[in-house]
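Engineer: Quick one: this structure, given as C-alpha cells, is what I'll be asking you about.
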Amino acid sequence: MQPNTSRHLHTHARAHAHVHAPFQEGNETLEKKYNDAMAPPTAISPVSDYAVPYTAGKTTKPAPERVVATKVDDLLGKWETFTFAPIRESQVSRAMTRRYFADLDTYAESDVVIVGAGSCGLSTAYVLAKTRPDLKIAIVEAGVAPGGGAWLGGQLFSAMVMRKPADVFLDEVGVPYEDEGDFVVVKHAALFTSTVMSRVLQFPNVKLFNATTVEDLITRKNADGTLRVAGVVTNWTLVSMHHDDQSCMDPNTINAPLVISTTGHDGPFGAFCVKRLVSMKQIEQLGGMRGLDMQAAEDAIVKGTREIVPGLIVGGMELSEVDGANRMGPTFGAMALSGVKAAEEALAIIDARKKENEL
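Positions in the sequence shown are counted from 1; adding 634 to them yields my numbering.
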C-alpha cells in the first residue's frame with residue numbers, strides 16, 4: 635500500500651508554518667531573540683552589563699544609607715545600618731592574581747634570594763632591605779606560615795629567651811622584653827616573629843613567596859671550572875610533596891647573584907641547600923649537628939655564618955649541619971644575630987656577585 639504522500643507533506647507544511655509563523659507575522663523581537671540564541675558564543679560582556687537582577691513588578695525598600703567610617707569608633711553602635719562596600723567575586727580574583735603574577739615577573743630576576751623565613755631568614759631580610767633599598771629581595775618559604783620554629787619557645791612554651799647582646803636587635807625592631815641580666819625574655823615568641831615579619835614585609839623591595847619550596851639551585855661554571863650559585867629552582871610545596879606519585883610537574887626559577895640559605899637543621903625541608911652542595915660535590919660531606927650545648931652553639935653559629943661556595947651564604951641552624959656545630963635548643967639570640975651577620979656578609983659581596991652574574 636502506497637503512503638499518502640500528499641497528506642504527509644500537508645502535515646509537515648503546517649508544522650513548518652507553525653514554527654516560523656511569528657517571523658512571518660513580523661514579530662521582529664522574537665526573531666531577534668531566536669537569532670541571538672542561535673548565534674555562536676561571543677566574549678563575556680563587561681561586568682556592568684551582565685548578571686543584573688530581575689526587578690520588574692517588584693517593590694523594593696530603599697537601601698539603608700551605608701555607614702561612612704574613617705576610624706573604628708565610627709562603626710560602634712551602628713551595626714543595624716552597617717554593610718560592606720559592594721564587590722564582585724571576580725574583582726577579588728583579579729586583585730590577587732594580577733599582583734601575584736606581577737610579583738613573579740618582577741622577582742624572576744632578584745638581587746638576593748633568602749631561602750627560609752624563620753628567625754634567621756627574617757632578620758637577614760630586615761637588615762638587607764633597610765640598608766640597601768635598591769636591592770630586590772625574594773624570600774622563599776616552604777610553609778604556609780613563615781616564622782619557622784620561632785612561634786613558640788622550648789617544648790611548646792610561650793616565652794622566648796635571647797642571650798645578650800641579641801637584645802639590641804629586639805630594640806631595633808621594637809619588641810618589648812623583660813631584662814633578666816645576662817639574657818632577656820620576650821613574653822611570647824609569636825610577638826617577636828610577628829613583629830619582625832611585619833617590619834620586613836613593609837619594605838617595598840621585599841617579596842615573600844610562602845608555600846613555595848626551593849627544589850634545586852641554579853649554578854654557573856666559572857672560568858676556572860668551579861661552580862657558583864646563580865639562583866634557585868622553585869615549586870609549590872604541595873607539588874613538591876607529590877613528585878613520587880605524580881609526573882610532569884616541572885618547577886619555576888628565580889635568578890639571583892646571591893642566595894642566602896637559612897633553612898634550619900636537617901629535616902623534611904631543612905638543610906636543603908647544603909645537602910644539595912654535597913650531591914653536587916661542592917663540599918665533601920656534612921659535619922652533622924652535634925648535641926645540645928647552648929654556651930658553645932650560639933657563638934659558633936654566629937661566627938661561622940659565611941659564604942660557603944660562591945653565591946651561597948649559609949646561616950642559622952643549617953650551618954650546624956655543615957660545620958658539625960652543637961645545637962642550642964630554646965634560645966634564639968644566635969638566630970637573630972646570625973641573620974644580621976649573613977646580611978653583613980651579603981652586603982660585602984653583593985656588588986661583586988652581580989657583576990659576575992652579568993657575564
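From the three backbone atoms N, C-alpha and C, an ideal C-beta is built for every residue, glycine too.
Please read all numbers here as calculations on a predicted model, not as lab measurements.
Answer with buried or exposed for Gly949, where buried requires no fewer than 16 other C-beta atoms within 10 angstroms of its C-beta.
Structural biologist: Buried.
Engineer: On the three-state DSSP scale, how would you describe Pro799?
Structural biologist: Note: Pro799 maps to coil in three-state DSSP.
Engineer: What does DSSP give as the partner residue(s) for Leu946 in the beta ladder?
Structural biologist: Its beta-bridge partners are Val893, Val943.
Engineer: Any chance the CB of Pro799 is under 7 Å from a heavy atom of the ligand MN?
Structural biologist: Questions concerning the ligand MN fall outside what the structure shown contains, since it holds no ligand whatsoever.
Engineer: Evaluate Tyr734 with the Cβ neighbour count: other Cβ atoms within 10 Å of its Cβ, from every protein chain shown; 16 or more gives buried, anything less gives exposed.
Structural biologist: Looking at its Cβ environment, which holds fewer than 16 other Cβ atoms inside 10 Å, Tyr734 is exposed.
Engineer: Would you mind stating whether Thr965 and Leu953 have Cβ atoms separated by less than 8 Å?
Structural biologist: No; because the gap between Cβ atoms is not below 8 Å, this pair is not in contact.
Engineer: So if DSSP puts Leu842 in a beta bridge, which residue, or which two residues, is it bridged to?
Structural biologist: According to DSSP, which records beta bridges pairwise, Leu842 is partnered with Ile773.
Engineer: Straight-line CA distance for Val774 to Thr853?
Structural biologist: Roughly 18 Å between the two C-alpha positions.
Engineer: Do three or more CB pairs link the stretch 787 to 804 to the stretch 853 to 862 at distances below 8 Å?
Structural biologist: Taking 8 Å as the limit for Cβ pairs, the verdict is that the stretch 853 to 862 does not touch the stretch 787 to 804.
Engineer: For a minimum of 4 consecutive residues, which ranges assigned as the alpha helix (DSSP H) are wholly contained in the stretch 719 to 751?
Structural biologist: Segments of the alpha helix (DSSP H) lying fully in the stretch 719 to 751: 723 to 740.
Engineer: Exposed or buried, which one is Val866 when buried takes at least 16 other CB atoms within 10 Å?
Structural biologist: With 16 or more other Cβ atoms within 10 Å, it is buried.
Engineer: CB Asn869 to CB Gly777, shorter than 8 Å?
Structural biologist: The answer is no: Cβ separation not under 8 Å.
Engineer: Would DSSP call Leu710 helix, strand or coil?
Structural biologist: Three-state DSSP puts Leu710 in coil, outside helix and strand.
Engineer: Report the option in Lys909, Pro720, Val893 whose CA atom is closest to the CA atom of Gly755.
Structural biologist: The option with the nearest alpha carbon to Gly755 is Val893.
Engineer: Counting C-beta neighbours from all protein chains within 10 Å, is the total for Asn856 16 or more, i.e. buried, or is it exposed?
Structural biologist: That one is exposed.
Engineer: Leaving out the 5 sequence neighbours to the left and right, which residues in its chain are closer than 6 Å to Pro838 when beta-carbon positions are compared?
Structural biologist: Here the set comprises nothing.
Engineer: By how many angstroms is the C-alpha of Glu714 removed from the C-alpha of Asp805?
Structural biologist: Rounded to the nearest angstrom, the two C-alpha atoms are 44 Å apart.
Engineer: For Asn886, write down the residues that DSSP places opposite it in a beta bridge.
Structural biologist: For Asn886, which the question treats as bridged, DSSP gives the partners Thr868.
Engineer: Can you name the start and end residues of the beta strand (DSSP E) that Leu926 belongs to?
Structural biologist: Where Leu926 is concerned, the enclosing beta strand (DSSP E) stretches over 924 to 926.
Engineer: Can you tell me whether Lys841 is buried or exposed, with buried defined as 16 or more other CB within 10 angstroms of its CB?
Structural biologist: Buried.
Engineer: What are the start and end residues of the beta strand (DSSP E) that includes Phe817?
Structural biologist: Start and end: 817 to 820.
Engineer: What number of angstroms, rounded off, separates the C-alpha of Val908 from the C-alpha of Val956?
Structural biologist: So the alpha carbons of these two residues sit roughly 7 Å apart.
Engineer: Given a threshold of 16 other Cβ atoms within 10 Å of its Cβ, counted over all protein chains shown, does Glu979 qualify as buried or as exposed?
Structural biologist: Per the 10 Å Cβ criterion, buried.
Engineer: One question on the structure: do Ile888 and Val747 come within less than 8 Å of each other, judged by their Cβ atoms?
Structural biologist: Taking 8 Å as the Cβ cut-off, Ile888 and Val747 qualify as a contacting pair.
Engineer: On the DSSP bridge list, what partners appear for Asn960?
Structural biologist: Beta-bridge pairing links Asn960 to Arg924.
Engineer: Leaving out five residues on either side along the sequence, give the residues of the same chain with a beta carbon under 6 Å from the beta carbon of Ile984.
Structural biologist: Closer than 6 Å at Cβ, skipping near neighbours: Leu892.
Engineer: With the cut-off set at 8 Å, would you say Arg961 and Ala930 are in Cβ contact?
Structural biologist: The answer is no: Cβ separation not under 8 Å.
Engineer: Name the DSSP bridge partner or partners of Leu851?
Structural biologist: Per DSSP, Val866.
Engineer: Between which two residues does the alpha helix (DSSP H) holding Asn991 run?
Structural biologist: Here the alpha helix (DSSP H) through Asn991 covers 967 to 991.
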